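Residue numbers (my numbering), protein chains in the order written: chain B, 2 to 427; chain V, 2 to 87.
In this text, a Cβ means the ideal position worked out from N, Cα and C, and glycines have one as well.
Quantities reported herein were computed from a predicted structural model and do not represent experimental measurements.
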Amino acid sequence: MDNNRVVITGLGVCGPNATNVPDFVHALKNGISGITHQSDLEALGFSCQIAGKPPLTEDRIAQYFSSLELKNLNSTGIVYGVIAALDAWENAGLKLSDINEPDWDSGTIFGTGTSGIDKFRWAINKIDDMEIRKLGSSVVVQTMASGVSAFIAGKIGLGNQVSTNSSACATGVESILLAYDRIKSGRAKRMLAGSTSDSGPYIWGGFDAMKVCNYKHNDAPEKGSRPMSATASGFVPGSGAGALVLESLESALLRSAPIYAEVLGGDLNSGGQRGLGTMTAPNPVAVQRCIKKAIDNAGIRANEIEVINGHLTATTKDALEIENWKTALDTSKQKFPYINSIKGLIGHCISAAGSIETVASVLQLAEGFIFPNVNCEDLNPAIADLINESRIPQQLINKQFNYLAKASFGFGDVNACIILKKYNYE
Amino acid sequence: MSKEEIIAELKNIITPYSEETIALQSIDDDTDFLKDLKINSANLVDIVLDIEDRFNIEIDNDSMAKMLTVKATVDIIENKRQGNAG
Chain B
2 MDNNRVVITG
12 LGVCGPNATN
22 VPDFVHALKN
32 GISGITHQSD
42 LEALGFSCQI
52 AGKPPLTEDR
62 IAQYFSSLEL
72 KNLNSTGIVY
82 GVIAALDAWE
92 NAGLKLSDIN
102 EPDWDSGTIF
112 GTGTSGIDKF
122 RWAINKIDDM
132 EIRKLGSSVV
142 VQTMASGVSA
152 FIAGKIGLGN
162 QVSTNSSACA
172 TGVESILLAY
182 DRIKSGRAKR
192 MLAGSTSDSG
202 PYIWGGFDAM
212 KVCNYKHNDA
222 PEKGSRPMSA
232 TASGFVPGSG
242 AGALVLESLE
252 SALLRSAPIY
262 AEVLGGDLNS
272 GGQRGLGTMT
282 APNPVAVQRC
292 IKKAIDNAGI
302 RANEIEVING
312 HLTATTKDAL
322 EIENWKTALD
332 TSKQKFPYIN
342 SIKGLIGHCI
352 SAAGSIETVA
362 SVLQLAEGFI
372 FPNVNCEDLN
382 PAIADLINES
392 RIPQQLINKQ
402 FNYLAKASFG
412 FGDVNACIIL
422 KKYNYE
Chain V
2 MSKEEIIAEL
12 KNIITPYSEE
22 TIALQSIDDD
32 TDFLKDLKIN
42 SANLVDIVLD
52 IEDRFNIEID
62 NDSMAKMLTV
72 KATVDIIENK
82 RQGNAG
């Protein structure tokens, strides 16, 4: 079996605080929040009435979809996913195929939790109103889970694997690792990896009902998402999409593509909902094992990790996550790597979290900076007991570094961890 | 509404579904939706829904299955409109 090195040659993002990569870098460095008050959530009596939603104009959307596609388009997740994916493809210097032959060497694994939830609601209401014949042809393609990968593949002309993965909040990192495996083993030259998540009350409602969202900052949206803070009291729901073009190093060098970073490896596992793990709580043994296996798989030592981009959703579980990292890396209070969470700026983008956050991670490696954590000026004392406060930057750090670990953990007791390395041209 | 007026309305409805601009310009009785206008067959149901809205008629499944050419479609529209008038 082949054993190709895999690099990242294109990035795209459609997030609550930025809908293109240059704006995203600016927002990360300057702590620009995308969390805003949502009048629809207030009107519907949500406990948490703030959220992160990509600010898109109709003109922007019309650049990515035909007028016919736009006619009945009611799937925010597909809109976000297509925008991030096509931007990443273009960023990698690749073209949309205008010939009849598919690009057999390129595919996509683009994940989501649900698809077209607003479209689905509309269709259900039509059916219940005895108007099934009014559904037309657009319901299936927008509500099938793989709608997002199907739209992306059709626009580019992808001829390799075209699929959608789903593993709750681990979806985004999982999509990248699945794409990585496909290129590493020589079955594809390029894979567009990423994930998306719908926005709106029908996707966020279930979380609100579980009382896992923060309801204490409805009047101060930008202060609401507080990872690692003593006053962290639940996550703020987000939405959007992140996309990365993964490519064999050989292919990237052959076409002189810019290389952002190298994917060294990673791991996917589950705590099996055994031990302390449940449907909604992570089994710490599995989290630690996932991180350790990822480092082994990457062929580096734990003490080489310089920066961690955590899952850190802004719940009371943040301290447990830090403890898991500390145990997995077998490190000390002082030597713990820098750690940050972008959720303070964009909230928890659910199935899109892992991909948007990996885009942020890759940008830090490529451009040599560590973005500041926001809203943790009152650091959780349980975290301060575990690691030195200097490990949690609250100011931008400009610094070249080589190794970053990114992890996401999801409902179903599932874990994903990826190890990235700065690419130094040889 | 004359037959010419119905065809003109039909052309407006169909235009977003076809990229065959030349065939759309010269639309006539014999124009075939799939062969001449290269309309994605999945979109035929959407065209029928648009026709229902525009002409305020309801088209049954059997009629829908016949609506593959301009002539057949205009015949069905005229037929249903008369049904409504009567």
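If you measure between the beta carbons of residue i and residue j, is that distance less than 9 Å?
i, j, result
"Lys332 of chain B", "Ala303 of chain B", "Here residue 332 of chain B is Thr; the residue named in the question, Lys, does not match the sequence. Contact flag set, yes."
"Ser356 of chain B", "Gly243 of chain B", "yes"
"Ser342 of chain B", "Pro238 of chain B", "no"
"Ile8 of chain V", "Asp37 of chain V", "no"
"Met192 of chain B", "Ile110 of chain B", "yes"
"Gln315 of chain B", "Asn219 of chain B", "The sequence shown places Ala at residue 315 of chain B, not Gln. In this structure, Asn219 of chain B does not lie closer than 9 Å to Ala315 of chain B by Cβ."
"Gly78 of chain B", "Thr20 of chain B", "no"
"Gln401 of chain B", "Pro373 of chain B", "no"
"Leu421 of chain B", "Leu387 of chain B", "no"
"Ile58 of chain V", "Ile78 of chain V", "yes"
"Ser34 of chain B", "Leu346 of chain B", "yes"
"Lys81 of chain V", "Ile60 of chain V", "yes"
Please state the DSSP three-state secondary structure of residue i.
i, result
"Pro202 of chain B", "helix"
"Val8 of chain B", "strand"
"Ser64 of chain V", "helix"
"Ser409 of chain B", "strand"
"Val286 of chain B", "helix"
"Asn403 of chain B", "coil"
"Val246 of chain B", "strand"
"Ser68 of chain B", "helix"
"Glu223 of chain B", "helix"
"Lys327 of chain B", "helix"
"Asp414 of chain B", "coil"
"Cys49 of chain B", "coil"
"Cys350 of chain B", "coil"
"Val14 of chain B", "strand"
"Phe370 of chain B", "strand"
"Phe236 of chain B", "strand"
"Cys291 of chain B", "helix"
"Val149 of chain B", "helix"
"Phe34 of chain V", "coil"
"His27 of chain B", "helix"
"Tyr442 of chain B", "Residue 442 of chain B lies beyond the range of chain B shown here (2 to 427); nothing can be said about it."
Drop a sphere of 10 angstroms on the beta-carbon of residue i, count the other beta-carbons inside from all chains shown, and report buried for 16 or more, exposed for fewer.
i, result
"Lys336 of chain B", "exposed"
"Leu209 of chain B", "Residue 209 of chain B is actually Asp in this sequence, not Leu. The residue is buried, with at least 16 neighbouring Cβ atoms inside 10 Å."
"His312 of chain B", "buried"
"Leu255 of chain B", "exposed"
"Trp105 of chain B", "exposed"
"Glu390 of chain B", "exposed"
"Leu45 of chain B", "exposed"
"Arg275 of chain B", "exposed"
"Leu97 of chain B", "exposed"
"His1 of chain B", "Absent from the structure is residue 1 of chain B, since the part of chain B shown begins at 2 and ends at 427."
"Ser249 of chain B", "buried"
"Asn31 of chain B", "exposed"
"Ile133 of chain B", "exposed"
"Leu35 of chain V", "exposed"
"Lys4 of chain V", "exposed"
With a cut-off of 8 Å on the beta carbons, I'd call residue i and residue j a contact; round off their distance for me.
i, j, result
"Tyr339 of chain B", "Glu307 of chain B", "7 Å"
"Ser169 of chain B", "Val415 of chain B", "Note that residue 169 of chain B is Ala in the sequence shown, not Ser. Contact flag correct, Cβ pair sits at about 6 Å."
"Ser76 of chain B", "Val46 of chain V", "Contact flag wrong, Cβ pair sits at about 19 Å."
"Pro55 of chain B", "Gly225 of chain B", "So it is not a contact: roughly 17 Å between Cβ atoms."
"Leu95 of chain B", "Leu364 of chain B", "So it is not a contact: roughly 19 Å between Cβ atoms."
"Ile301 of chain B", "Tyr424 of chain B", "Contact flag wrong, Cβ pair sits at about 15 Å."
"Ser196 of chain B", "Gly173 of chain B", "4 Å"
Shorter than 9 Å from the beta carbon of residue i to some beta carbon of chain V?
i, result
"Leu74 of chain B", "no"
"Ser116 of chain B", "no"
"Ser147 of chain B", "no"
"Gly137 of chain B", "yes"
"Leu69 of chain B", "yes"
"Arg392 of chain B", "no"
"Arg183 of chain B", "no"
"Arg227 of chain B", "no"
"Arg134 of chain B", "yes"
Would you say residue i lies against chain B (beta-carbon separation less than 9 Å)?
i, result
"Val46 of chain V", "yes"
"Ala43 of chain V", "yes"
"Leu25 of chain V", "no"
"Leu38 of chain V", "no"
"Leu11 of chain V", "no"
"Leu50 of chain V", "yes"
I'd like to confirm something about residue i: is its beta-carbon nearer than 8 Å to some heavy atom of the ligand GDP, or not?
i, result
"Ile306 of chain B", "Ligands in the displayed structure: none, and consequently the ligand GDP is not present."
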